[in-house]
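Structure, as structure tokens:
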Amino acid sequence: MLKNNPNKYSYCGKDTPYFDGISCIKCPNEFSLTEKKCVTAPTGLVYDPNIHSYIAPEAVKDTNPNASNILSPAPLPPAKNPCDPQKPFYDGIACIKCPEIFPLFDVPSKKCVRCSAFELYDKATLKCIHRPVVFISNNFNNLLGT
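The opening residue of the sequence shown carries number 0 in numbering that gives the first Met the number 0; numbering runs sequentially from there.
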């Protein structure tokens, strides 16, 4: 976290990574960027690191095998107790929808992830694959691209 000083910027260290508006601090649980203080989960809720929120834990469910954006070493078997299509991924805490910045759900790790900048998601293999290298000759003068 960046510590704000009108004259200069400095970084908080890894032992005290959060800035509360006055100094760098450490937290035993989570740090609220909105409140600028350490917080703990309200009664009955747990912190879900995939969606960075407190949510109510659910009984064990299955990631919906029909969901898109699944990273898996193999196709998922039919689910006995699938998550709803709106929140298709079970991350060990609850059924969730991955945030846009990490749109893929890695089934083995139960984490929301994304492919690297050098990869793209392949729906057929359920994997991140290397982007193909494409060479376009500069002799073409009628190309349109974005």
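Yeah, the Cβ is synthetic: ideal placement off N, Cα and C, and Gly gets one too.
The C-beta of Tyr17 has 16 or more other C-beta atoms within 10 Å across all chains shown, which makes the residue buried. Of the residues assessed, Tyr10 falls on the exposed side of the cut-off, its CB having fewer than 16 other CB atoms within 10 angstroms. Restricting attention to beta strand (DSSP E) runs no shorter than 3 residues, the segment 77 to 108 encloses them at 103 to 105, ordered along the chain. By the criterion of a C-beta distance shorter than 6 Å, Asp121 is surrounded in its chain by Ile128, once the five residues flanking it on both sides are discounted.
Here Asp19 has Lys35 and Lys36 as same chain residues with Cβ atoms under 8 Å from its own Cβ, once five neighbours each way along the sequence are excluded.
The Cβ atoms of Ile69 and Ala93 lie no closer than 7 Å to each other. When C-alpha distances from Cys114 are compared across Thr124, Glu57, Leu103 and Phe30, the shortest belongs to Leu103. By a beta-carbon distance limit of 8 Å, Cys23 contacts Gly12. Their separation comes to about 7 Å. Distance between Ala58 and Pro131, taken at the CA atoms: about 42 Å.
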